[in-house]
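Below is one structure, written out as structure tokens; the observations come after it.
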Ligand code: ADP
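In this note's numbering, the protein residues as written are 4 to 399.
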């Protein structure tokens, strides 16, 4: 059997279509489209054994010919896919001729098992409604398409594994950084507490009352800082393990933000905050946790955008409320912006300002628990805006 130019062209087009494509579905679409003249079918679907190893998931389905019922209806192949998987080999099903039967009721099926990294993982099924029969050439083409599909799925799985691995590696690097940050963060207040209390206890020195009070005030502040830090660490651990309890009740977001702002103002009297609030309905939320979110945003603005005025708005949408919390600080470089909500993440070079990289992670987890969204937009030297979207509760 000699190979002719046409066959070589076909093989070449298969390789071209598959090589370098990152989206496996797009690659399979092009491949199938380029073979349409040689290999006619009405519907094609890829069924994969689900993670529990029991059922089948449809991961790809195209209807191109007769019986075009779109992607959703792939029931025509499910039982057959199960049979192919059980037999672990190609199965061809061709009904006898029934002249008076609607051709849509006469599926001619060819199914091929898909082996990914040597493991039986699913099946590729083609259907022709009402025939014609699958010729030996068609059967070989179907086998080639199945092999290509399996290799596309394998590279997809590898790609996903690589992304997971990269994320785990990043998390491990962050944990390493965290250990050094946290030991620094714990040592600093402890150093103050120890230093000032030792001074107060010295028997060879007498401190006047004003100095004593100053020392005690420092000890008090630093103990608060330690408590806050430890609370943040515990909170982040509870959020990660999903053991933090939320108490949802109707609340007014505008009043909550104003309350937090008033509390912050007592410690930072120079802070300028402008409010621009729509009239908003109450939402269902946890007052303590949502206050914590805004306390964190205030605390970050004070740390990273010192002296900047803040502008907070609430807009009422059809199904949600959107808060925008803006400062006019130095901003966050674009490359780092996607990571600021990750646990332990701190923008590189942020060593002059104390922090642990937990604040925004905690904010995000709290907002997610409210079925909301939080994200940031930033322009260098112009400022950062944190957006929070919370669902408006239709029941209240
Ligand atoms: P922390 O403040 O403890 O470092 P966060 O999770 O609160 O941790 O913030 C993550 C990082 O995002 C910070 O290290 C900081 O670099 C950056 N960031 C947060 N808020 C702002 C802001 N308003 N302006 C500029 N950078 C910010």
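Backbone N, C-alpha and C fix where the C-beta goes; we use that ideal spot for every residue, glycine too.
DSSP three-state assignment for residue 330, whether helix, strand or coil = Mapped onto the chain shown, residue 330 falls at position 327. The answer is strand: DSSP assigns residue 330 an E or B state.
Euclidean distance between Cα positions of residue 121 and residue 11 = For the purposes of this step, residue 121 is identified with residue 118 of the chain shown, where counting begins at 1. For the purposes of this step, residue 11 is identified with residue 8 of the chain shown, where counting begins at 1. If I take the Cα positions, the gap works out to 27 Å.
Please confirm whether residue 393 and residue 288 have their CB atoms less than 8 Å apart.
-> As a first step, residue 393 is located in the chain shown; it is residue number 390 there, counting from the start. As a first step, residue 288 is located in the chain shown; it is residue number 285 there, counting from the start. Yes, these two residues count as a Cβ contact at 8 Å.
Rounded to whole angstroms, what's the CA-CA distance from residue 202 to residue 223? Just pull it up for me.
-> Against the chain shown, residue 202 aligns to sequence position 199. Against the chain shown, residue 223 aligns to sequence position 220. Straight-line Cα distance between these residues: approximately 15 Å.
Between the C-alpha atoms of residue 1 and residue 323, what's the straight-line distance to the nearest angstrom?
-> Since the first residue of the chain shown is 4 and the last is 399, residue 1 is not available in this structure.
Beta-carbon proximity list for residue 98, same chain, < 6 Å, skipping 5 on both sides | Numbered from 1 along the chain shown, position 95 holds the residue referred to as residue 98. The answer, listed in chain order, is 109.
Name, in chain order, the residues that DSSP records as bridge partners for residue 314.
-> Counting from one through the chain shown, the residue named residue 314 turns up at place 311. Beta-bridge pairing links residue 314 to 277, 329.
Residues bridged to residue 49 by DSSP?
-> Start at 1 with the first residue of the chain shown, and residue 49 comes out as number 46. Under the DSSP definition of a beta bridge, residue 49 partners with 63, 127.
For residue 189, which residues from the same chain have a beta carbon less than 8 Å from its beta carbon, with the 5 sequence-adjacent residues on both sides left out?
-> As a working mapping, residue 189 is identified with position 186 in the chain shown. The answer, listed in chain order, is 229, 232.
Quick one: complete alpha helix (DSSP H) runs, 4+ long, within the segment 7-43?
-> 8-21, 27-38
Determine, using beta carbons only, whether residue 391 and residue 377 come nearer to each other than 8 Å.
-> The residue you call residue 391 lines up with position 388 of the chain shown. The residue you call residue 377 lines up with position 374 of the chain shown. Contact flag set, yes.
How many whole angstroms separate the CB atoms of residue 17 and residue 140, which I take to be in contact at a CB cut-off of 8 Å?
-> As a position in the chain shown, residue 17 is number 14, starting the count at 1. As a position in the chain shown, residue 140 is number 137, starting the count at 1. Not a contact, Cβ separation roughly 15 Å.
Starting from residue 118, follow its DSSP beta bridges and name the residues at the other end.
-> Taking the first residue of the chain shown as position 1, residue 118 is located at position 115. DSSP lists 123 as partners of residue 118.
Quick one: what does DSSP say residue 335 is sitting in, helix, strand or coil?
-> If you number the chain shown from 1, residue 335 lands on position 332. The answer is coil: DSSP assigns residue 335 none of H, G, I, E or B.
Could you pull the start and end residues of the beta strand (DSSP E) that residue 96 belongs to?
-> Against the chain shown, residue 96 aligns to sequence position 93. Per DSSP, residue 96 is one residue of the beta strand (DSSP E) stretching across 94-96.
Could you check where the beta strand (DSSP E) with residue 388 kicks off and where it finishes?
-> Along the chain shown, one-based indexing puts residue 388 at 385. Unbroken beta strand (DSSP E) run through residue 388: 386-394.
Cross-strand partners of residue 377 (DSSP beta bridge) = Here residue 377 refers to the residue found at position 374 of the chain shown. The partner list for residue 377 (beta bridge, DSSP) reads 391.
Residue 198: first and last residue of the uninterrupted beta strand (DSSP E) it sits in | Here residue 198 corresponds to residue number 195 of the chain shown, with the count starting at 1. Where residue 198 is concerned, there is no enclosing beta strand (DSSP E), although the alpha helix (DSSP H) it sits in stretches over 139-204.
Cβ shell of residue 457 (< 6 Å), same chain only, five flanking positions each side left out | Residue 457 falls outside the range modelled here, since the chain spans only 4 to 399, and no answer is possible.
Stretch-stretch touch, CB-based, cutoff 8 Å, three pairs: the segment 129-144 with the segment 171-180 = Contact between the segment 129-144 and the segment 171-180 is not established, with fewer than three Cβ pairs separated by less than 8 Å.
Taking just the CA atoms, how far does residue 137 sit from residue 74?
-> The residue given as residue 74 occupies position 71 in the chain shown. The residue given as residue 137 occupies position 134 in the chain shown. Because residue 74 carries a pLDDT of 48, less than 50, the predicted location of this residue cannot be relied on, and no value is offered for it.
Would you decide whether residue 225 is buried or exposed? Buried here means 16 or more other CB atoms lie within 10 Å of its CB.
-> Start at 1 with the first residue of the chain shown, and residue 225 comes out as number 222. Classification of residue 225: buried, given that the 10 Å Cβ count is 16 or more.
Are the segment 343-361 and the segment 315-332 touching, with three or more C-beta to C-beta distances below 8 Å?
-> No: the two stretches stay apart, fewer than three of their Cβ pairs being nearer than 8 Å.
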